[in-house]
Amino acid sequence: MAMGGLPSGRHGRRRAPMADINVTPLVDVMLVLLIIFMVTAPLLVTGVPVNLPENRANPIDQSQEPVQVSIDSDGRVYIDDVETLMAALPDQFDTIRKEKGDAEQAPQVYLRADKLLDYGQVMLVMGELNRAGLNRVALVSTDSSGKR
Numbered sequence: 467m468a469m470g471g472l473p474s475g476r477h478g479r480r481r482a483p484m485a486d487i488n489v490t491p492l493v494d495v496m497l498v499l500l501i502i503f504m505v506t507a508p509l510l511v512t513g514v515p516v517n518l519p520e521n522r523a524n525p526i527d528q529s530q531e532p533v534q535v536s537i538d539s540d541g542r543v544y545i546d547d548v549e550t551l552m553a554a555l556p557d558q559f560d561t562i563r564k565e566k567g568d569a570e571q572a573p574q575v576y577l578r579a580d581k582l583l584d585y586g587q588v589m590l591v592m593g594e595l596n597r598a599g600l601n602r603v604a605l606v607s608t609d610s611s612g613k614r
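Counting in the numbering used here, the sequence shown runs from 467 upward without gaps.
This is how it looks when you write it as structure tokens:
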């Protein structure tokens, strides 16, 4: 018999258990999750689904958080994702002007209206905004590439 081959458990060395942890798969998974969250976070900003018209204007730079007023295709009005009755709009807009407005200027208002909506409905809301002193109104639309 030959004396070579694998060492037996009694006469040979035992392997020490591997104490290193391979973190590369963990880092890969975390980077993929980070990319997923970075891509989906901007999509979660708008709460009311509105089919916006298109335009070619540049976006507005904004330092203070604007008030979002949305009108969906059924004519329901939302202020910051909270449905508001048309009769309650004057009081709501007065409250917004008092709370968020300063002595120099009114807060910025973003008006988002569905493109299939009647023009008169949009003008009613804009009239109430103007009456309350909220005259910094920006009409939100999408550009030709679909960006807001």
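A virtual CB, placed ideally from N, CA and C, is assigned to each residue, including glycine.
Less than 6 Å between C-beta atoms, sequence neighbours within five positions excluded: which residues of the same chain meet that for residue i?
{"i": "ARG578", "result": "VAL516, SER536, VAL606"}
{"i": "LEU555", "result": "GLU594"}
I'd like the span of the beta strand (DSSP E) that includes residue i, first residue to last.
{"i": "GLN587", "result": "No beta strand (DSSP E) holds GLN587; the alpha helix (DSSP H) holding it covers 585 to 597."}
{"i": "LEU577", "result": "575 to 579"}
{"i": "SER536", "result": "533 to 537"}
{"i": "LEU605", "result": "603 to 605"}
Taking residue i as part of the alpha helix (DSSP H), name the residues at either end of that continuous run.
{"i": "ILE501", "result": "490 to 506"}
{"i": "GLN558", "result": "555 to 566"}
Out of curiosity, what's the CA-to-CA distance linking residue i and residue j?
{"i": "MET484", "j": "ALA507", "result": "40 Å"}
{"i": "VAL489", "j": "ALA482", "result": "20 Å"}
{"i": "THR608", "j": "ALA523", "result": "9 Å"}
{"i": "LYS566", "j": "GLN558", "result": "12 Å"}
{"i": "ASP580", "j": "GLY586", "result": "13 Å"}
{"i": "VAL498", "j": "PRO491", "result": "11 Å"}
{"i": "ILE487", "j": "ARG479", "result": "23 Å"}
{"i": "ARG563", "j": "GLY599", "result": "7 Å"}
{"i": "LEU518", "j": "LEU590", "result": "18 Å"}
{"i": "LEU582", "j": "VAL588", "result": "11 Å"}
{"i": "MET552", "j": "VAL495", "result": "48 Å"}
Please work out which residues of its chain come closer than 7 Å, Cβ to Cβ, to residue i, disregarding the five sequence neighbours upstream and downstream, and give them in chain order.
{"i": "VAL514", "result": "SER536, ASP538, TYR544, ASP547"}
May I ask you to list the residues that DSSP assigns as paired with residue i?
{"i": "ILE487", "result": "Answer is none; ILE487 lacks a bridge partner."}
{"i": "VAL548", "result": "ILE545"}
Does the CB of residue i have a neighbour CB from chain C at under 8 Å?
{"i": "VAL493", "result": "The structure shown contains no chain C, having only a single protein chain."}
Tell me which same chain residues have a C-beta within less than 8 Å of the C-beta of residue i, skipping the five on either side of it?
{"i": "ALA604", "result": "ILE526, PRO532, GLN574, VAL575, TYR576, LEU577"}
{"i": "ASN601", "result": "ALA572, LEU595"}
{"i": "GLU549", "result": "ARG542, VAL543"}
| request: Would you check if there are 3 or more beta carbon pairs closer than 8 Å linking the segment 501 to 509 to the segment 536 to 556? | output: Counting Cβ pairs under 8 Å, fewer than three are found: no touch.
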